[in-house]
Amino acid sequence: MKRNKYWIIAGIINIFTAILHLIGGQLDLINPFMESNTDLQIKTELLGVWHMVTIMLFASSILYFKYGFSITKKVDIALVSFISYLYIAFSFAFILSSVYKSVLAPQWVLLLPIGLLGIIGAKKLKTNA
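Note that the numbering used here numbers the sequence shown so that position 98 is 100, with each residue one more than the last.
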């Protein structure tokens, strides 16, 4: 078995997205929101959810890299596929939100390729098995 270049590329885009989310999102979105007059309970919960997403981004990056660089047969295709489908669903959430509110929420530009690369990598692995 050889390395899965699709999963490795998904991991690269994903780690970039995780870093962008952690730093850029914190500075551009979260910090101004935390300074707003919104109720403290709401701010606290949003901050928690924000960092849950950060954790998901970093954790899934690890999985894409782990299985992408794996040269053994012990690859969990179902797990990588599940995460990839989640990324596709996340991208559609941003696309639909953008359409509904008539404002571009560009997160889908990074999330959709991660999911698609994950699915393509899984299908290539299945056909080569």
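Just so it is clear, CB atoms sit at the ideal spot from N, CA and C, and this is done for glycine as well.
For a quick check, are the C-beta atoms of residue i and residue j less than 8 Å apart?
i: residue 10; j: residue 71; result: yes
i: residue 56; j: residue 88; result: no
i: residue 120; j: residue 67; result: no
i: residue 95; j: residue 60; result: no
i: residue 113; j: residue 100; result: no
i: residue 73; j: residue 4; result: yes
i: residue 45; j: residue 54; result: no
If residue i and residue j are in contact, beta carbons under 8 Å, what's the gap, nearest whole angstrom?
i: residue 90; j: residue 118; result: 7 Å
i: residue 15; j: residue 122; result: Incorrect: roughly 13 Å between the Cβ atoms, too far for contact.
i: residue 32; j: residue 49; result: 7 Å
Assign residue i to buried or exposed, taking buried as 16 or more other Cβ atoms, counted over all protein chains shown, within 10 Å of its Cβ.
i: residue 105; result: exposed
i: residue 102; result: exposed
i: residue 212; result: Outside the shown range of the chain (3 to 131) lies residue 212, about which nothing can therefore be said.
i: residue 109; result: buried
i: residue 77; result: buried
Between the options, which has its C-alpha nearest residue i's C-alpha?
i: residue 82; options: 74, 73 and 69; result: 69
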